[in-house]
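Note sheet for the following structure.
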Amino acid sequence: MTVNEQPAIRAKSLTKKFGDFEAVRGIDVEVRPGESFGFLGPNGAGKSSTMRMIAGVSPVTSGTLEIFGLNPATHGSEIRNRLGVVPQADNLDGELTLLDNLIVYGRYFDIPRAECVARAKELLDFVQLSERSSGRVESLSGGMKRRLTIARGLMNRPEMFLLDEPTTGLDPQARHILWDRLYRLKQQGVTLVLTTHYMDEAEQLCDRLVVMDAGRIVAEGSPRELITRYSTREVLELRFGAGSNAEHEGRLLGVGDRLEVLADRVLVYADDGESALHEVHTRGLQPESSLVRRSSLEDVFLRLTGRSLEE
Amino acid sequence: MSHDTLLWRVAPPILRSARRPQRVVERNAIVYRRTPMVLISGFFEPLFYLLSIRIGFGALVGDVDFAGRSIDYAEFVAPALMASSAMNGAVYDSTMNIFFKLRYSKTYDAMLASPLGAADVALGEIAWAMLRGFVYSISFLVCLAALGMAGSWWILASLPACLLIGLAFASVGMALTTYMRSWADFDWVPAITLPLFLFSATFYPLSSYGGLAWIVQLSPLYHGVALVRGASLGVASWGMFVHVGVLLALATVGLSVAARRVETLLLK
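Written out as structure tokens, the structure is:
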């Protein structure tokens with residue numbers, strides 16, 4: 032199949048400006064069909080602007096962008112016909128029932144009405160909202176709205192599914208339901224592209240990701256690769272009590288490979304966290320609490336930007 | 005939309021990018037399927053005017069000369085009120101409703117994520133507003149018939165004219181609505197439609213305006229009233245081409261501006 036040999040997304044020096052503000056500063060991205068790809072970064076990193084350009088609802092300022100080998104400026108409609116989109120802010124139709132939200136949206140894709148009804152029922156089932164199908168959107172919780180938006184985005188059986196911060200603002204249980212549904216789609220071969228500022232989400236769902244900061248890509252790889260490249264195997268977290276973490280930096284020098292002093296804790300990067308903790312105790316230091324954990328993408332982000340992601 | 009029709013070839017470029025505006029109409033139809041009466045809430049105003057004229061006013065005024073014949077005053081005013089009802093329906097829908105969808109409910113953002121584009125949104129919404137105006141006109145016509153004031157079968161010829169009035173006012177209404185910043189701006193809507201309603205040769209012939217007749221002719225509704233009145237009284241004239249031309253031109257400009265503005269506001 033020649034169609035599948037085309038990258039799902041190919042961006043070169045992709046730039047987006049709003050007036051004088053440069054939201055995306057020349058990024059290169061390539062996503063293969065069937066891949067799960069993530070844009071990880073804090074708010075304002077340019078993730079949403081990138082996603083809107085990919086979704087064909089925001090013109091490219093400069094650089095090139097091809098979706099399924101097509102230019103969004105000239106083939107926007109054809110591209111959008113093959114995409115599923117879950118925007119950051121819910122834009123469900125408040126004047127329609129849940130079922131009608133899906134049917135009407137399917138009709139925008141010119142899907143025959145009977146087929147829309149069948150797909151809508153099937154998808155409401157998939158996102159566990161069947162029993163509320165005749166209800167109104169405003170009666171739904173945040174997690175339910177997100178699930179409905181996901182169902183809506185799947186009405187046209189998209190080849191690529193774009194999700195902008197799909198689980199922001201959801202409670203842990205709702206997030207796990209969503210992750211499970213997205214994982215199933217991935218297994219069905221749908222290309223997933225998502226933005227997130229949650230490390231665990233990126234680790235769970237993404238085969239490959241880029242870390243964005245201030246409109247640029249600062250690292251790229253699989254979650255595992257990034258952790259290996261930019262962090263140690265384990266991290267020792269030490270808390271010395273409010274305001275006194277920085278004072279201990281001098282006495283911790285040489286423990287582990289690297290130190291990171293945050294407001295509320297000190298992070299000691301070491302391949303063996305337990306022996307690093309032993310060394311801390313040997314030096315006569317008494318932290319209020321200590322924790323040895325595996326490295327995460329949070330550590331990668333901290334290393335790359337000097338800032339924490341979820342602050 | 006077929007790509008070889010005359011309409012297609014004369015349409016402004018942005019409108020030619022439309023694919024299936026009828027889906028936007030379909031969406032609105034599903035919304036109003038539940039509350040059909042809301043659709044005709046605004047048609048009562050011209051009806052009340054009609055009743056007031058029939059009950060007393062008409063007797064005071066007597067007959068009016070129109071196109072060389074003498075007609076009953078109520079017969080003179082009724083077509084103008086029908087034209088106004090088409091305007092009202094189209095304006096109601098293309099101002100408040102569209103503002104809400106544009107600025108608050110994000111209905112259009114969802115449409116634009118699908119294969120639909122800005123031109124589909126503009127064409128679809130304007131077509132819907134036009135149809136709403138048409139529903140007003142038909143309801144008004146039914147009332148006329150029930151009151152025994154429908155006159156001849158010629159009145160049916162005025163229905164296409166009502167559609168055209170709805171199209172022109174819906175287009176201009178939506179175009180202006182895209183420039184509105186807050187609900188307070190909507191105070192201007194009656195400030196525009198009320199004088200149009202009163203001074204479009206609605207209640208007295210153009211000749212009564214004397215030297216100010218040219219101002220009346222600037223009113224889009226004047227052209228609509230002239231068309232509906234001519235059609236319903238079975239009086240054809242070359243001037244009707246001018247009236248049709250004015251309304252079509254307004255519709256084309258309004259549609260293009262509306263589509264362009266939806267693009268500027270939402271596809272950033």
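One line per chain: the protein sequences are X and D, in this order.
Under the working numbering, the first sequence has 40 at position 9, and the numbering climbs by one with no breaks.
Under the working numbering, the second sequence has 69 at position 65, and the numbering climbs by one with no breaks.
Idealized CB from N, CA, C, for every residue including glycine.
Model, not experiment: these values are computed from the prediction.
By the three-class DSSP mapping on this structure, what secondary structure does residue i have?
| i | result |
| --- | --- |
| Asp67 (chain D) | strand |
| Tyr226 (chain D) | helix |
| Tyr208 (chain D) | coil |
| Val239 (chain D) | coil |
| Ser79 (chain X) | helix |
| Ile142 (chain D) | helix |
| Thr256 (chain D) | helix |
| Met32 (chain X) | With a pLDDT of only 45 at Met32 (chain X), under the threshold of 50, the placement of this residue in the model should not be trusted; the figure read from the coordinates follows. DSSP places Met32 (chain X) in coil when its eight states are reduced to three. |
| Ser89 (chain D) | helix |
| Arg177 (chain X) | helix |
| Ala120 (chain X) | coil |
| Asp195 (chain X) | strand |
| Leu300 (chain X) | It should be noted that the sequence gives Tyr, not Leu, for residue 300 (chain X). Strand. |
| Phe52 (chain X) | strand |
| Ala273 (chain X) | coil |
| Met5 (chain D) | Because Met5 (chain D) carries a pLDDT of 47, less than 50, the predicted location of this residue cannot be relied on, and the following value inherits that uncertainty. It is coil, neither helix nor strand. |
| Ile142 (chain X) | coil |
| Glu190 (chain X) | coil |
| Lys272 (chain D) | coil |
| Met41 (chain D) | helix |
So which of the options has the shortest CA-CA distance to residue i?
| i | options | result |
| --- | --- | --- |
| Leu154 (chain X) | X:Gly272, X:Leu185, X:Ser320 | X:Leu185 |
| Arg260 (chain X) | X:Glu251, X:Leu267, X:Glu268 | X:Glu251 |
| Asp288 (chain X) | X:Arg255, X:Asp195, X:Glu310 | X:Glu310 |
| Val116 (chain X) | X:Leu45, X:Phe140, X:Lys152, X:Glu126 | X:Phe140 |
| Val257 (chain D) | D:Gly137, D:Ala123, D:Asp69 | D:Ala123 |
| Val299 (chain X) | X:His279, X:Ser306, X:Glu291 | X:Glu291 |
| Leu198 (chain D) | D:Pro16, D:Ser211, D:Pro50, D:Ala78 | D:Pro50 |
| Gly173 (chain X) | X:Gly166, X:Leu193, X:Thr199 | X:Thr199 |
| Gly249 (chain D) | D:Ala263, D:Leu231, D:Gly238 | D:Leu231 |
| Phe52 (chain X) | X:Arg41, X:Glu66, X:Ile40, X:Gly75 | X:Gly75 |
| Asp238 (chain X) | X:Glu61, X:Arg264, X:Phe157, X:Gly315 | X:Glu61 |
Can you grab the Cα-Cα spacing for the pair residue i / residue j, in whole Å?
| i | j | result |
| --- | --- | --- |
| Pro197 (chain X) | Arg212 (chain X) | 12 Å |
| Thr33 (chain X) | Gly87 (chain X) | Residue confidence for Thr33 (chain X) is low, a pLDDT of 48 falling below 50, so the modelled location carries little weight and cannot support an answer. |
| Ala161 (chain D) | Ser236 (chain D) | 6 Å |
| Ile102 (chain D) | Asn276 (chain X) | 56 Å |
| Leu283 (chain X) | Met230 (chain X) | 27 Å |
| Ile110 (chain X) | Leu101 (chain X) | 7 Å |
| Arg325 (chain X) | Ile258 (chain X) | 10 Å |
| Pro209 (chain D) | Ala63 (chain D) | 17 Å |
| Ser321 (chain X) | Glu268 (chain X) | 6 Å |
| Lys78 (chain X) | Leu96 (chain X) | 15 Å |
| Ser270 (chain D) | Met244 (chain D) | Before going on, a small fix: residue 270 (chain D) reads as Leu here, not Ser. Leu270 (chain D) and Met244 (chain D): Cα-Cα distance of roughly 39 Å. |
| Arg247 (chain X) | Thr81 (chain X) | 11 Å |
| Gly107 (chain X) | Ala263 (chain D) | 16 Å |
What in chain C is Cβ-close to residue i, meaning under 8 Å?
| i | result |
| --- | --- |
| Arg264 (chain D) | Considering every chain present, this structure includes no chain C. Its protein chains are X and D. |
Inset, instruction - For the stretch 41-63 of chain X, enumerate the residues whose C-beta is nearer than 9 Å to any C-beta of chain D, in chain order. - result: Phe49
Legend entry - Contact list for the stretch 216-234 of chain X against chain D, Cβ threshold 8 Å: none
Inset, instruction - Closer than 7 Å, Cβ to Cβ, to anything on chain X: give me those residues from the stretch 113-140 of chain D, in chain order. - result: Asp113, Ala114, Met115, Leu116, Ala117, Ser118, Pro119, Leu120, Gly121
Inset, instruction - Count the CB pairs spanning the stretch 148-157 of chain D and the stretch 75-87 of chain D that are closer than 8 Å, and state whether there are at least three. - result: yes
Legend entry - chain X contacts from the stretch 31-59 of chain D (Cβ-Cβ distance under 8 Å): Arg31, Ile34, Val35
Inset, instruction - Report the residues of the stretch 167-194 of chain D with a CB closer than 9 Å to any CB of chain X, ordered along the chain. - result: none
Legend entry - Interface positions of the stretch 86-106 of chain X facing chain D (Cβ-Cβ less than 9 Å), listed along the chain: Ala86, Gly87, Val88, Ser89, Pro90
Inset, instruction - Would you check if there are 3 or more beta carbon pairs closer than 8 Å linking the stretch 98-115 of chain D to the stretch 113-131 of chain X? - result: yes
Inset, instruction - Would you be able to state if there are at least three C-beta pairs under 8 Å between the stretch 45-65 of chain X and the stretch 89-98 of chain X? - result: yes
Inset, instruction - State whether the stretch 69-79 of chain D contacts the stretch 169-181 of chain D, with contact taken as three or more CB pairs (one from each stretch) at a distance under 8 Å. - result: no
Inset, instruction - Select from the stretch 88-114 of chain D all residues with a C-beta closer than 7 Å to any C-beta belonging to chain X, and list them in chain order. - result: Ser109, Lys110, Thr111, Asp113, Ala114
Inset, instruction - Check whether the stretch 131-140 of chain D touches the stretch 208-226 of chain D, counting contact only when three or more Cβ pairs, one atom from each stretch, lie closer than 8 Å. - result: no
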